[in-house]
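Report on the following structure.
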Amino acid sequence: MSTDLVTYYGQTDRIDQLVDKYGSHLEQLGRETKLLLRITLSTYVLMQQEYSESEYSMSTALEDALCELIIPDSIPQDLYDICSQLEELTVDEAESILEALQHQLRWGNAHRNVNQ
Numbered sequence: 002m003s004t005d006l007v008t009y010y011g012q013t014d015r016i017d018q019l020v021d022k023y024g025s026h027l028e029q030l031g032r033e034t035k036l037l038l039r040i041t042l043s044t045y046v047l048m049q050q051e052y053s054e055s056e057y058s059m060s061t062a063l064e065d066a067l068c069e070l071i072i073p074d075s076i077p078q079d080l081y082d083i084c085s086q087l088e089e090l091t092v093d094e095a096e097s098i099l100e101a102l103q104h105q106l107r108w109g110n111a112h113r114n115v116n117q
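No gaps in the numbering here: position 70 of the sequence shown is 71 in this note's numbering, and each next residue is one more.
As structure tokens, then:
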């Protein structure tokens with residue numbers, strides 16, 4: 002298990018793979034990608050109330066959440082790659098990543114300075 006966690010608890014092998022590729026705090030992902038990932042993960046968690054991980058994939062959540070909101074051609078390739086890597090993600094894993102993203106977007110490396 003990694004010592005520089007992207008999450009504060011709930012670290013799993015699947016999350017460790019994400020950390021290995023994008024950094025201990027997903028610092029290789031920009032603010033926009035993190036915001037879009039948060040939307041996708043939220044959609045995935047919501048839909049898990051009706052479907053199982055094998056019936057509703059992260060790729061489907063990406064399409065459902067974002068293709069209607071923005072032009073599909075403007076979705077970052079990193080986000081497609083992440084969703085492919087996170088297929089069959091558990092709800093607990095998704096919630097762990099959501100918590101980490103929320104902290105990074107509000108206080109951490111993806112924080113936007115509103116005074117600029």
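All C-beta atoms, glycine included, are put in the ideal place defined by N, C-alpha and C.
Around the CB of Ser97, 16 or more other CB atoms lie within 10 Å, so the residue is classed as buried. The count of Cβ pairs closer than 8 Å, one atom from the stretch 34-45 and one from the stretch 55-66, reaches three, so the stretches are in contact. Here the stretch 27-39 lies against the stretch 78-90, with 3 or more beta-carbon pairs under 8 Å apart.
DSSP, read as helix, strand or coil, puts Gln86 in helix.
Note on geometry: alpha-carbon atoms of Gly109 and Glu56 lie some 34 Å from one another.
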